[in-house]
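Working notes for the structure below.
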Amino acid sequence: MSARLHVVFDGRCGFCTRAVGWVRRLDRHGRVELHAWQQPDVPERFGLTPQECDASVWAVPQAGESTVIAAQRPRGGGASGSACDGPQPGAAPPDAPESGSGDLGSGIGGLGSGRGGPQATRRQAVSGARAVAAILDTALGTRCFGAFHGLPLVGRTQEAVYRWVATHRGRFPGVTPWCEEHPGQCAGDA
Numbered sequence: 001m002s003a004r005l006h007v008v009f010d011g012r013c014g015f016c017t018r019a020v021g022w023v024r025r026l027d028r029h030g031r032v033e034l035h036a037w038q039q040p041d042v043p044e045r046f047g048l049t050p051q052e053c054d055a056s057v058w059a060v061p062q063a064g065e066s067t068v069i070a071a072q073r074p075r076g077g078g079a080s081g082s083a084c085d086g087p088q089p090g091a092a093p094p095d096a097p098e099s100g101s102g103d104l105g106s107g108i109g110g111l112g113s114g115r116g117g118p119q120a121t122r123r124q125a126v127s128g129a130r131a132v133a134a135i136l137d138t139a140l141g142t143r144c145f146g147a148f149h150g151l152p153l154v155g156r157t158q159e160a161v162y163r164w165v166a167t168h169r170g171r172f173p174g175v176t177p178w179c180e181e182h183p184g185q186c187a188g189d190a
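Structure below.
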């Protein structure tokens, strides 16, 4: 199954590595692929700069996928139900593989096989709290987090909190950073 969303995170940050570990546990269907931005060519592959990657987590949809954030969808129930409706019983999952789709791999930092790479444009990628909402929605197969982010004042508040956490991320408890666990796979490592 091909990942629907690529997450670019700080592989030298223990708090960030812990957070993507949670995402990996939540993502039971392989919808999310995780990449430490310090790996060779990762920023370029997703159309980002190292400065952008260092400042924030990024969520980049797979080529051919719709825009990442659910907050851009119409709010409210309507005929299709609430924004938090999950998959309907007996319905095929929204991420069911298409025939002939290649597996990109789903481990942390896996660069995939090169088949069907993301080739995303800047307008498709999102960062900060918006990216976190997209990551959680994709991993869990829901639209709740993006819908909540889209509520008046909620998104701005979430972005302010995200900015503060990102600025102080070195002070939060974490695990061994990804780049330390995978010596030689990050730029600048011996």
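In terms of the UniProt record's numbering, the sequence shown opens at residue 1 and continues consecutively. We put the CB at the ideal spot given by N, CA and C, even for glycine. Nothing here was measured: the structure is a model prediction, and the numbers come from that model.
For residue i, the three-state DSSP class (helix, strand or coil)
{"i": "L153", "result": "coil"}
{"i": "L48", "result": "coil"}
{"i": "V165", "result": "helix"}
{"i": "F9", "result": "strand"}
{"i": "P43", "result": "helix"}
{"i": "G170", "result": "helix"}
{"i": "V132", "result": "helix"}
{"i": "G146", "result": "helix"}
{"i": "T138", "result": "helix"}
{"i": "A160", "result": "helix"}
8 Å Cβ cutoff, residue i in contact with chain C
{"i": "G30", "result": "Protein chains in the displayed structure number just one, and chain C is not present."}
Bridge partners - residue i, DSSP secondary structure assignment
{"i": "S127", "result": "W58"}
{"i": "H182", "result": "Per DSSP, none; premise fails for H182."}
Host beta strand (DSSP E) of residue i (start-end)
{"i": "V20", "result": "Segment 14 to 26 is the alpha helix (DSSP H) holding V20; no beta strand (DSSP E) there."}
{"i": "H35", "result": "32 to 36"}
Original post:
Taking contact to mean at least 3 C-beta pairs separated by less than 8 Å, is the segment 39 to 54 in contact with the segment 1 to 10?
Top reply: Taking a cut-off of 8 Å for Cβ pairs, the segment 39 to 54 and the segment 1 to 10 touch, as three or more such pairs fall below it.
Original post:
Can we say the segment 156 to 173 touches the segment 123 to 130, given the rule of at least three CB pairs closer than 8 Å?
Top reply: Counting C-beta pairs with one atom in each stretch, the segment 156 to 173 and the segment 123 to 130 have three or more that are closer than 8 Å, which means they touch.
Original post:
Would the segment 11 to 23 and the segment 173 to 182 be scored as touching if the rule is three or more Cβ pairs under 8 Å?
Top reply: Enough Cβ pairs lie closer than 8 Å, so yes.
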